[in-house]
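Just below is one structure, and these are the notes that go with it.
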Amino acid sequence: MAKETKLAANNVEKNMNLDEKTANVLDVQDMYLYFQTGKGIVQAVDNVSFALERGKSMVIVGESGCGKTSLGRAILRLLPENVYKYEGSCLLNGSDIMQYDDERFRKEIRWKRAALVPQSSMNSLNPVLKVSDQVAEPILIHDLADNKEQAREKAAEAFKKVGVPVDFLNRYPFELSGGMRQRVAIATSLVTDPDFIILDEPTSALDMLTQANIMNVLTKLKEEIDISFVLITHDVSTSSEIADMAAIMYAGQIVEFTDAYTFFGTPLHPYSERLMASVPTLEADDEELGFIPGQPPSLINPPEGCRFAERCEEEFELCSEEPPGFEMEDDRIVKCWLYREGGERDANYGK
Amino acid sequence: MDQQFNVPDVESQETDVEREGDSGSNLKRIAKYFGFRLIALFITVVVAIYLLILIANMGGAVDNIRMGQIRENVGMQMMAMSSEMADWPSERRREYEEQLVEQERRRLGLDQPFILRSVYYLRDAITLDLGRAEQMTSDAGSRRVQLIILERLPPTLMLMMSYFLIMFFVALFGALFLSRRYGSKLDKLVVVLAPSSAAPGWFYGIFLILIFAAVLGWLPFGGMVKAPPPRETHLYALSVLRHLILPVAALIMGGFFLTIYNWRTFFLIYSSEDYVEMAKAKGLSNRAIERRYILRPTLPPIITSFALGMIVMWMGAIILEQVFNWPGLGRMLYEAIGLFDVPIIVGGQVIYAYLLAATVFVLDILYALLDPRVKMGAGAGGNKQ
């Protein structure tokens with residue numbers, strides 16, 4: 007029993023926070039992340055707000071270069087040197103972790119509360135250290151186990167959860183296949199039992215079969231344990247199984263945030279509509295597959311007003327001003343003038 | 051949060067057993083790997099030394115020079131004996147001269163074709179039977195190349211090891227320090243000064259001698275110990291140390307900024323690896339990240355670049371030793387080249403070849419210790435990425 011105590015203490019601590027505050031595990035408000043580059047200032051994350059309820063998972067969808075990964079980085083405070091502006095608030099179980107200094111953030115948040123499965127998990131393992139050392143490492147540095155043996159047992163449990171043979175713990179990363187490394191990365195994110203895990207395109211470097219395997223593992227995990235996934239992906243079709251909520255990003259902003267079920271059925275924002283139309287489905291005829299003309303605007307000096315206006319078929323005079331996020335039924339937020347109160351689509355919505 | 055772990059403790063035992071079995075076969079594989087490496091290195095050394103023998107003898111052309119020398123010597127000999135041979139007819143004199151030349155030619159083995167002799171030379175060189183010098187002698191008066199080299203080896207090793215140790219640690223920590231302060235004024239200064247390494251160490255040595263020996267008079271001009279050498283051991287050591295300062299400083303100046311610049315860039319590249327970011331996300335302290343995630347994976351290439359650089363330095367030290375009047379291998383070679391003393395040149399290079407092979411072999415062992423991909427991948431293709 008003694009070996010469970012430390013982890014249990016961690017949970018109690020978390021639950022205390024839970025009781026006193028909100029039902030949201032993650033509440034991001036007015037997040038900005040700008041980078042300074044030689045060509046100018048890149049507005050990678052521009053005034054992003056969303057809230058994720060406890061126990062739910064969300065997916066952040068968007069094209070390459072729309073700021074998805076930067077948003078994940080901003081939440082986890084994994085910033086490069088050239089940050090120009092990093093502002094906003096990020097409430098984790100009600101406490102604003104943006105206010106923590108670096109040392110406190112490292113000790114209390116990193117991996118204990120917020121874990122990461124990185125974009126290219128292929129390279130996320132140190133080639134010269136054994137897998138077991140790397141998986142058990144967060145337990146040891148955050149003092150969640152009494153000794154190495156116990157940390158190793160925890161790593162073994164995590165391995166079982168994601169379907170990696172336990173004796174792989176003794177291997178070096180180069181002895182694992184891509185899919186196995188990906189599973190190891192997921193196992194690593196589970197060992198400390200964090201509040202949420204950001205999965206940054208966890209399957210993008212893998213073949214279709216392995217992708218499906220990994221997504222099955224994630225779906226299974228989501229059913230089995232109480233954890234919030236924040237899945238970042240450009241692949242709409244694979245995300246539908248995991249997500250309870252969906253955030254659509256375009257050019258550094260969230261243009262639509264809603265629950266995933268209604269989103270996949272009836273996207274509202276013109277960009278979301280076109281995006282969903284471009285996803286191949288089993289029934290759809292290849293020739294009917296939609297596409298979006300043009301390309302997303304540069305995040306250096308993005309256009310004034312609605313950033314999608316240039317590619318939007320329904321552009322009208324209001325689009326030269328930046329639309330606010332209009333709140334629809336079911337807490338649905340759409341950042342498009344068409345949905346303003348009394349707007350043409352607002353009138354039709356729900357009919 | 052409310053999830054419970056069911057602790058499986060059987061698994062770990064099983065895997066431990068498996069690991070022991072693994073290590074047995076691993077050992078065999080490692081032994082086999084090093085066996086092959088040794089053979090490959092030996093063949094390399096043999097080929098290198100044979101090429102060296104061909105070149106040092108100018109593909110046999112040196113024989114003509116030596117024949118000329120023999121004729122000249124015999125002529126001198128005849129001159130010295132001219133009173134005894136005064137009544138000899140000139141034909142007999144010429145015959146006698148030819149006889150002497152032939153005798154000398156046989157004695158030196160020049161009657162055999164060069165190709166055949168080159169094989170004998172190779173055999174002798176490989177077995178470190180380096181023969182006798184033609185002109186030079188050791189300080190003790192011996193003409194055996196082996197003794198001459200053995201006498202010169204310790205000073206060179208002392209100079210190079212001092213340089214190696216100081217440079218390695220200063221550059222390593224300096225580079226780590228700079229990579230942490232990427233873009234700072236100090237960092238920019240090092241980048242600007244990096245081309246200073248375009249000039250070799252001995253070049254700076256000349257200025258060091260000028261400043262610290264000639265103008266300030268703090269340190270000796272050169273040599274390894276003051277004359278006459280002190281009797282007491284500790285005074286002797288102190289004197290050697292004083293003489294070491296300038297040549298080692300010159301060597302370090304010749305490579306300092308470039309090495310730091312190199313390694314700092316290296317660390318920077320490796321700092322942007324995904325696993326370093328992961329380590330940060332895991333909540334490791336900066337020190338731990340530096341040690342486990344930056345230094346550890348970069349150590350093999352860094353040690354390689356340094357060790358191979360050191361071999362080049364051994365060659366480069368020829369001039370440095372000359373400048374500092376350092377009685378090492380480099381200066382011996384310098385003198386031997388001036389005197390066309392082929393056995394010494396070949397002998398010195400044979401030692402270099404062996405040192406190079408030994409360095410590469412030590413590197414192989416270090417690699418296996420530092421990088422599991424080398425150890426495990428032995429024999430097989432290895433990395434299955």
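Going line by line, the protein sequences match chains A and B.
Add 6 to the 1-based position in the first sequence for this note's numbering, that's all there is to it.
Add 50 to the 1-based position in the second sequence for this note's numbering, that's all there is to it.
Even glycine gets a Cβ: it sits at the ideal position worked out from N, Cα and C.
Who are the Cβ neighbours of residue 51 of chain B in its own chain at under 6 Å, not counting the five residues just before and after it? At residue 51 of chain B the pLDDT is 39, less than 50, meaning the model places this residue with poor confidence; the figure from the coordinates comes in the next sentence. Around residue 51 of chain B: no qualifying Cβ.
Report the CB separation of residue 84 of chain B from residue 225 of chain B in whole angstroms; it is logged as a contact under 8 Å.
Incorrect: roughly 31 Å between the Cβ atoms, too far for contact.
State buried or exposed for residue 255 of chain B, treating a residue as buried only when at least 16 other CB atoms are found within 10 Å of its CB.
-> buried
- Is any beta-carbon of chain A found at less than 7 Å from that of residue 207 of chain B? no
message = Assuming contact is defined by CB atoms lying nearer than 7 Å, are residue 41 of chain A and residue 50 of chain A in contact in what I supplied?
response = yes
Select from A/128, A/31, A/304 and A/285 the residue whose C-alpha is nearest the C-alpha of residue 212 of chain A.
-> A/128
Between the Cα of residue 350 of chain B and those of B/423, B/86, B/301 and B/103, spot the shortest distance and give me the residue it belongs to. B/423
* **Contiguous alpha helix (DSSP H) assignments of at least 4 residues, all confined to the stretch 369 to 427 of chain B** => 379 to 389, 392 to 420 and 422 to 426
TODO: Using alpha carbons as the reference points, say which of A/197, A/208 and A/183 lies closest to residue 147 of chain A.
DONE: A/197
**OP:** For residue 134 of chain A, decide whether its Cβ has a neighbour in chain B, counting only Cβ atoms nearer than 7 Å.
**Re:** yes
Fill in: Assigned exposure category for residue 343 of chain A - 16 Cβ within 10 Å defines buried
buried
Identify, in the order they occur along the chain, each residue of the same chain with its Cβ nearer than 7 Å to the Cβ of residue 235 of chain B, setting aside the five sequence neighbours on each side.
none
query = Taking C-alpha atoms, which residue in A/162, A/257 and A/274 lies nearest to residue 302 of chain A?
reply = A/257
For residue 188 of chain A, which of helix, strand or coil comes out of DSSP? helix
message: Whole angstroms are fine: how far does the CA of residue 216 of chain B sit from the CA of residue 268 of chain B?
response: 22 Å
Could you work out which residues of chain A lie near residue 330 of chain B, taking near to mean beta carbons separated by less than 7 Å? 84
Q) Which of the three DSSP states, helix, strand or coil, is assigned to residue 198 of chain A? A) coil
Could you give the DSSP three-state label for residue 271 of chain B: helix, strand or coil?
coil
Where does the unbroken beta strand (DSSP E) through residue 94 of chain A begin, and where does it stop? 89 to 98
| request: Could you tell me which chain A residues have their CB closer than 7 Å to the CB of residue 422 of chain B, listed as they occur along the chain? | output: 134 and 178
task: Just the C-alpha distance for residue 286 of chain A and residue 87 of chain B, rounded to the nearest angstrom, thanks.
output: 55 Å
Exposed unless 16 or more other CB atoms sit within 10 angstroms - verdict on residue 306 of chain B:
buried
- Task: Report the neighbours of residue 323 of chain B on chain E: residues whose CB is nearer than 7 Å to its CB, in chain order.
- Result: No chain E is part of this structure, whose protein chains are labelled A and B.
**Item:** Short-range partners of chain A found in the stretch 329 to 353 of chain B, where Cβ spacing is below 8 Å
**Value:** 329, 330, 331, 332, 333, 334, 335, 338, 342, 343, 346 and 347
Quiz item: Name the DSSP beta bridge partners of residue 30 of chain A, please?
Solution: A/59
Take the Cβ of residue 312 of chain B as the centre, count every other Cβ of all protein chains shown within 10 Å, and call the residue buried at 16 or more, exposed below. buried
Requested in this report: Tell me, to the nearest whole angstrom, how far the beta carbon of residue 255 of chain A is from that of residue 67 of chain A; I am working on the premise that it is less than 8 Å.
Outcome: 7 Å
Problem - For residue 331 of chain B and residue 122 of chain A, believed in contact at Cβ under 8 Å, the rounded distance - result: 5 Å
| Between residue 237 of chain A and residue 245 of chain A, which are expected to be in contact by the criterion C-beta below 8 Å, what is the C-beta distance as a whole number of angstroms? | 6 Å
*Tell me, please, whether the CB atom of residue 200 of chain A is closer than 7 Å to any CB atom in chain B?*
no
*asked:* Considering only the alpha carbon of each residue, which of A/114, A/235, A/351 and A/86 lies closest to residue 275 of chain A?
replied: A/351
Amino acids of chain A, ordered along the chain, whose beta-carbon sits closer than 7 Å to that of residue 327 of chain B | 84 and 124
Please report the distance separating the alpha-carbon of residue 91 of chain A from that of residue 227 of chain B.
27 Å
>> Below 8 Å on the Cβ atoms is my contact criterion, and I expect residue 36 of chain A with residue 78 of chain A to pass it. Report the Cβ-Cβ distance as a whole number of Å.
In response: Residue 36 of chain A to residue 78 of chain A, Cβ: 17 Å. No contact.
**OP:** Classify residue 238 of chain B as buried or exposed, calling it buried when 16 or more other Cβ atoms lie within 10 Å of its own Cβ.
**Re:** exposed
Handout entry: Top-ranked residue by Cα proximity to residue 119 of chain B, from B/108, B/155, B/412 and B/286
Key = B/155
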